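In the numbering used here, the protein residues as written are 1 to 116.
Built from N, CA and C at the ideal position, the CB exists for glycine as well.
Keep in mind the model is a prediction, meaning the values are calculated, not measured.
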């Protein structure tokens with residue numbers, strides 16, 4: 001995933017989802033993740049509207065219900081890695097920097113870390 005992308009994590013378990021509240025945890029923190037300008041919970045999903053490097057980490061969820069909260073087990077961890085967007089480099093294939101009218105020119109755009 002790259003910075004600026006939208007990320008949706010989903011939490012589920014084998015039972016009836018009605019009446020359950022989902023809590024999300026990051027990097028083994030002992031408190032649930034709060035809603036912020038860039039991330040929020042929506043039912044069983046945790047939505048990051050615009051990923052930043054700080055969103056990288058290990059996420060887990062649990063389901064809770066009732067006044068005195070009956071908790072499910074923690075989910076298996078999911079590791080989210082956010083990277084900066086790769087840089088594009090433009091080059092002229094002929095090697096010539098000066099081109100005259102009617103000459104054919106081939107440009108190549110290379111994206112760092114891409115095979116194409």
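Comparing C-alpha positions only, which one of 63, 78, 52 sits nearest to residue 72? Here residue 72 is taken as the residue at index 72 of the chain shown, counted from 1. Of the candidates 63, 78, 52, the one whose C-alpha sits nearest the C-alpha of residue 72 is 63.
Below 8 Å, can you find three or more Cβ-Cβ pairs linking the region 79 to 86 to the region 40 to 58? yes
So the beta strand (DSSP E) residue 63 belongs to, where does it begin and stop? Against the chain shown, residue 63 aligns to sequence position 63. Taken as a continuous stretch (DSSP letters only), the beta strand (DSSP E) holding residue 63 covers 57 to 65.
Taking 8 Å as the threshold (C-beta atoms), are residue 90 and residue 109 in contact? Residue mapping note: residue 109 aligns to position 109 of the chain shown, counting from 1. Residue mapping note: residue 90 aligns to position 90 of the chain shown, counting from 1. With respect to residue 90, residue 109 sits close: the two C-beta atoms are nearer than 8 Å.
Here's the rule: buried if 16 or more other CB atoms are within 10 angstroms of the residue's CB, otherwise exposed. What is residue 4? Taking the chain shown and counting its residues from 1, the one referred to as residue 4 is at position 4. Exposed: under 16 other Cβ atoms inside 10 Å.
Measuring only the C-alpha atoms, how far is residue 7 from residue 47? Counting from one through the chain shown, the residue named residue 7 turns up at place 7. Counting from one through the chain shown, the residue named residue 47 turns up at place 47. Roughly 6 Å between the two C-alpha positions.
Buried or exposed by the 16-neighbour rule on C-beta atoms within 10 Å, applied to residue 137: Not covered by the structure: residue 137. The range shown for the chain is 1 to 116.
Terminal residues of the continuous beta strand (DSSP E) containing residue 88? Counting from one through the chain shown, the residue named residue 88 turns up at place 88. Residue 88 -> beta strand (DSSP E) spans 88 to 92.
Across which residues does DSSP place residue 21 in a beta bridge pair? Taking the first residue of the chain shown as 1, we reach residue 21 at position 21. Bridge partners of residue 21: 64.
Which value, in whole angstroms, describes the spacing of the CA atoms of residue 105 and residue 96? Here the question's residue 105 lines up with position 105 in the chain shown. Here the question's residue 96 lines up with position 96 in the chain shown. One C-alpha to the other measures close to 9 Å.
Where the beta strand (DSSP E) containing residue 80 begins and where it ends: Here the question's residue 80 lines up with position 80 in the chain shown. Run containing residue 80: 78 to 80, per the beta strand (DSSP E) assignment.
Determine the direct distance from the alpha carbon of residue 31 to that of residue 44, and round the result to whole angstroms. Within the chain shown, residue 44 is the residue found at index 44, counting from 1. Within the chain shown, residue 31 is the residue found at index 31, counting from 1. Going by C-alpha positions, residue 44 is about 17 Å away from residue 31.
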